[in-house]
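Protein sequence lines correspond, in order, to chains U and G. Going by my numbering, the first residue of the first sequence is number 157, and it counts up by one from there. Going by my numbering, the first residue of the second sequence is number 465, and it counts up by one from there.
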Amino acid sequence: LYFDYLLLTMSSINAFIAANRFGYGANAKTIAHIGASPQQWLLGQVNAATVASEILALEPRWSSKQALESLAAYKLQKKADESASSMNVMQQVSGVSRKGITESVEGAVAQTIHQAIVSENAFLWRLVDFFSNHFSVSVGNLNVRALAPTMEIEAIAAHLAGSFSEMLEAVETHPTMLHYLNNVYSIGPNSKNAKKSKDGKGLNENLAREILELHTLGVNGGYLQVDVTELAKAITGWGIGSVRTQGLSGFKFRKNAHEPGHRLVLNKTYSQHDDSQGKAILLDLANHPSTANFVSSKLVRHFIADEPPQQIVDEMVKVWMSSKGHLPSVLKVMIQHPLSWKQQAEKFKTPREFVISTCRSCGIESIRPDFIRSLTLLGQAPFSAGSPAGYKDTQDYWAGPRAVMARIEWAEHVSKFVKQAPLVIAKNALGLILRPNTALQIGRAESRQQGLTLLLMSPEFQKR
Amino acid sequence: MNASVNKNMQDRHILNRRAFIKSAVTGWVLMQSMSSGVLAKSIAPSTNKKKIVWVMLRGAMDSLSCVIPAADPFLTEHRASLVTAMSDTALPLDKGFTLHPALKNCYEWYKNKEFSPVVAVASGYRARSHFDAQDQMESGLDNTDYESGWLARAVAVSSGEGLAISQTVPIALRGTKSSQTWYPSHFAPVDDDLLSRLRALYQQDKEFTQLLETAVTNRDNLAMSEKGKAKPDFSYLAQHCGELLSRDDSANCAMLELGGWDTHNNQSARLNGQLGILDSGLGELKDSLGKVWKDTVVIVTTEFGRTVAVNGTKGTDHGTGSAMFLLGGAVKGQQVLGDWPGLAPKNLYQNRDLMPTSDVRSWMASILHQHWGLSLTQLNQVFPDVQPIAQVLVKSA
């Protein structure tokens with residue numbers, strides 16, 4: 157059957173480039189789905205309806221609301237347990253446990269990966285992955301662990317068909333980010349809370365700094381320390397509502413923690429008196445040329461090459477500025493640029509791309525060790541970059557000696573799960589990209605497992 | 465073992481079971497993150513103390529180098545370059561055959577009446593794909609059923625319990641009755657055969673060649689500093705297989721696998737190493753089986769044989785007829801079994817391969833009949849496509 161698909165795409169190697177470079181790899185179904193117009197396949201994914209249906213496919217879904225409610229219930233129970241144990245009485249307040257939360261979170265992570273494997277809109281999931289790493293959060297404590305997988309769906313995926321400014325605001329006001337970069341503890345030095353407080357709580361610049369350095373302008377984007385401080389003051393009071401006392405489970409502007417007064421950021425004055433002050437600054441940051449350049453460069457570095465071709469970036473920046481960061485328009489420039497379709501694959505797959513494309517090509521939807529453990533063994537545990545800068549997006553970072561050996565071991569291990577003939581998988585996954593020598597070596601392998609290992613470790617499968 | 469540990473282990477079993485149900489692979493998968501003692505606990509006591517271990521050699525073992533037909537006048541004509549080097553050291557067997565000198569343990573067992581090779585065997589498969597041939601041999605059916613293996617069917621009709629020394633359930637142990645798997649939790653180390661194939665894969669790609677060589681050097685340096693750490697090589701796996709089987713209430717059959725037999729080039733040196741690995745692994749198996757060895761039959765087979773003639777790279781290519789080994793304390797050894805078709809050109813299969821004169825499955829069926837007491841009706845359920853060999857293979861109880 158795959159010969160039919162090969163014939164279909166004989167004229168265009170681009171279907172395979174589209175599937176591998178912009179998606180999560182190919183199988184016969186993927187290639188049939190892409191059909192004769194790979195660019196249309198990609199462009200058609202970045203719209204509101206597709207985004208909505210992809211998110212819907214994750215139902216039932218672990219939400220930030222559930223996470224916050226579970227965290228509140230858990231903390232309540234822990235308190236009760238502590239007082240109960242002193243009386244030597246077992247008392248169950250609610251069924252929420254630390255383990256239960258962890259299981260829900262792992263389930264949510266696995267569900268997203270599963271959707272990336274089976275979805276015919278894989279480009280969308282690649283974009284989710286990209287922006288999730290752009291707005292990287294790491295699971296240091298239970299709060300962030302419980303919340304982490306909800307942000308990439310609620311704040312990132314949900315805004316892929318809109319403007320970067322919308323995504324930016326959704327991320328910076330999301331409970332995950334507010335916890336992760338400590339803004340929940342940030343208090344304006346002249347706010348009502350600061351005047352009442354005697355324990356020295358004050359301004360925390362963490363989130364403001366990373367907004368400027370990592371999320372928008374970039375480190376050389378033209379801001380100064382004074383801009384960091386001013387932005388930090390502008391977003392004081394951005395916190396999370398209390399589930400217990402307020403019945404809330406999301407963003408809450410705490411006026412009493414907000415620094416009063418005007419703010420001056422990048423030489424512009426902002427006179428609002430509530431959370432709209434910080435949001436207005438975010439809007440301007442999102443449409444700043446430095447942000448357009450920084451994020452466009454990162455996109456091209458992620459999808460096309462470690463050294464992003466400046467021509468693509470420049471054209472994306474132009475459209476970013478004229479469309480106010482409308483992501484479908486900006487992405488369209490990258491998709492339609494001839495330099496994005498060079499036959500030479502420049503990018504070494506990340507472990508996540510390797511795992512997901514393996515599953516997609518081999519037609520397996522679950523693996524042992526499971527996705528999270530596999531990614532951990534391969535060096536890319538979800539939500540564990542350990543830095544708000546996220547995982548690096550270049551080959552030197554992913555192709556270290558231990559990482560390469562781990563890939564071989566993992567490939568050999570996972571190959572045991574697959575029944576299909578390796579050469580059939582190879583032709584469906586790579587089509588005309590498949591090198592004759594790879595096909596030859598697969599054919600010579602002494603077992604199906606070994607043949608598949610060779611395919612998975614072939615240069616044309618490892619790079620996209 | 466205290467109660468909480470016990471509870472914890474039960475939880476792990478439930479989790480594992482759940483994980484399995486979600487996974488695409490059939491069977492009850494247990495990972496080695498538990499101690500191997502847990503495994504035995506989870507198995508219902510077997511009514512059958514007689515053990516069968518099947519060792520599958522993947523890649524097509526060259527039988528003519530293992531059970532050498534030294535007395536066949538055509539042997540040196542076909543492959544002088546492969547046999548002359550061994551002619552002095554090969555170990556003499558019955559009927560003019562000799563055994564490869566690397567099979568030292570096997571030869572001791574032969575002398576001790578615990579080892580019998582079977583010559584000129586094949587499965588029902590007559591093409592030359594490793595993958596398809598292995599699948600068919602595991603399935604044991606002329607038309608491969610990927611969800612039904614011969615060992616699983618044998619276990620089902622005899623109320624036994626199967627164990628795969630593998631990370632997933634192989635076809636041989638797939639079926640209606642769940643089998644178990646045991647494997648160390650860390651991945652198997654990449655063996656030399658795969659490395660040499662990766663080198664061939666990367667031969668035109670400098671970048672990946674460089675990546676691979678750096679990775680190998682790094683690993684080897686690391687291994688030097690971690691000496692003594694157990695690695696899941698064949699001996700290690702065979703040893704644990706024996707330990708698991710030797711428990712009173714453990715499984716009554718197990719499957720072990722060993723790859724690396726696809727000797728298209730440089731065959732003499734490679735086979736020497738491979739057979740050494742196989743032989744010492746079987747030795748570990750015997751030692752760890754302990755008292756159970758006397759109740760054990762080990763069946764060693766490969767998916768097909770190799771060409772009688774030597775190819776241009778001092779190796780042999782995919783063939784047809786091969787050999788199998790029956791060994792263990794329960795085996796009526798010191799026989800060279802099977803009919804020898806001869807190596808005269810007119811006797812070769814398709815003018816190139818050793819002609820098979822019996823079906824691997826007929827010997828397996830006979831073992832199931834004599835060792836486990838399966839009836840002919842039951843045998844028909846396990847191997848519907850063959851008849852058991854009518855020859856005494858197992859010592860009378």
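We put the CB at the ideal spot given by N, CA and C, even for glycine. Treat the numbers as computed from the prediction; the structure is a model and nothing was measured.
Contacts with chain G (Cβ-Cβ distance below 7 Å) from the region 546-575 of chain U involve Ala555, Pro557, Arg558, Val560, Met561, Ile564, Glu565, Trp566, Glu568, His569, Lys572, Phe573, Lys575, listed in chain order. Chain G has a Cβ within less than 7 Å of the Cβ of U/Asn593. At a cut-off of 7 Å between beta carbons, U/Pro305 makes no contact with chain G. The residue from G/Ser860, G/Leu807, G/Glu767, G/Ala773 with its alpha-carbon nearest to that of G/Arg825 is G/Glu767. U/Tyr426 has U/Arg419 as its beta-bridge partners, per DSSP.
Across the structure, G/Pro565 and G/Gly624 are spaced so that their CA atoms are roughly 36 Å apart.
Non-local beta-carbon contacts of U/Lys619 in its own chain, meaning distances under 8 Å to residues more than five positions away in sequence, involve Ala501, Glu502, Lys503, Phe504, Lys505 in chain order. Separation of G/Leu832 and U/Gln536 (C-alpha to C-alpha, rounded to the nearest whole angstrom) is 48 Å.
Closest in C-alpha terms to G/Leu753, from the list G/Thr784, G/Val761, G/Ala794, G/Ser710, comes G/Ser710.
Segment contact: the region 404-418 of chain U against the region 465-482 of chain U, fewer than three CB-CB distances shorter than 8 Å; contact not assigned. Restricting attention to beta strand (DSSP E) runs no shorter than 3 residues, the region 707-741 of chain G encloses them at 717-722, ordered along the chain. At least one beta carbon of chain G lies nearer than 7 Å to the beta carbon of U/Leu610.
In chain order, His594, Phe595, Gln598, Asp599 make up the part of chain G whose C-beta sits under 8 Å from the C-beta of U/Arg604. With a threshold of 7 Å between beta carbons, U/Pro615 makes contact with chain G.
Within the region 724-735 of chain G, the residues whose Cβ lies closer than 9 Å to some Cβ of chain U are Gly724, Trp725, Asp726, His728, listed in chain order. As computed with DSSP, G/Gly626 is found in a beta bridge with G/Cys717. Taking a Cβ-Cβ threshold of 7 Å, none of the residues of chain U is close to G/Gly740; the smallest such distance is about 18 Å.
Taking a Cβ-Cβ threshold of 7 Å, the residues of chain U close to G/Phe672 are Pro615, in chain order.
When only Cα atoms are considered, U/Gln233 and U/Ser226 end up about 10 Å apart. Within the region 250-280 of chain U, not one residue has a Cβ closer than 7 Å to any Cβ of chain G. G/Gly523 belongs to the set of residues whose beta carbon lies under 7 Å from a beta carbon in chain U.
The three-state secondary structure of U/Thr392, taken from DSSP, is coil. DSSP places G/Trp646 in the strand class (E or B) of the three-state scheme. Here the C-alpha atom of U/Glu259 lies approximately 27 Å from the C-alpha atom of U/Ser571.
Between G/Ser545 and G/Val774, the CB-CB gap stays under 7 Å.
Asp657, Leu658, Arg661, Leu662, Ala664, Leu665, Tyr666, Gln667, Gln668, Asp669: these are the residues of the region 655-670 of chain G whose beta carbon lies less than 8 Å from some beta carbon of chain U, given in chain order.
For the region 488-514 of chain U, no residue has a beta-carbon sitting nearer than 8 Å to a beta-carbon of chain G.
In this structure, G/Ala829 places its C-beta atom within 7 Å of the C-beta atom of G/Pro852. Interface criterion not met: the Cβ of G/Arg770 is under 7 Å from no Cβ in chain U. With its beta carbon at least 7 Å from every one in chain U, G/Thr645 lies outside the interface. Only buried fits U/Leu483, as 16 or more other CB atoms lie within 10 angstroms of its CB. For U/Gln597, the residues of chain G that pass the 7 Å Cβ criterion are Arg661, Ala664, Leu665, in the order they occur in the chain. With fewer than 16 other Cβ atoms from the protein chains shown falling within 10 Å of its own Cβ, G/Gln845 counts as exposed. Interface residue (Cβ-Cβ distance to chain U less than 7 Å): G/Leu675 is classified as such. At least 7 Å separates the beta-carbon of U/Gln201 from that of U/Phe320. Pairing U/Leu487 with U/Ile173, the inter-Cα distance amounts to about 16 Å.
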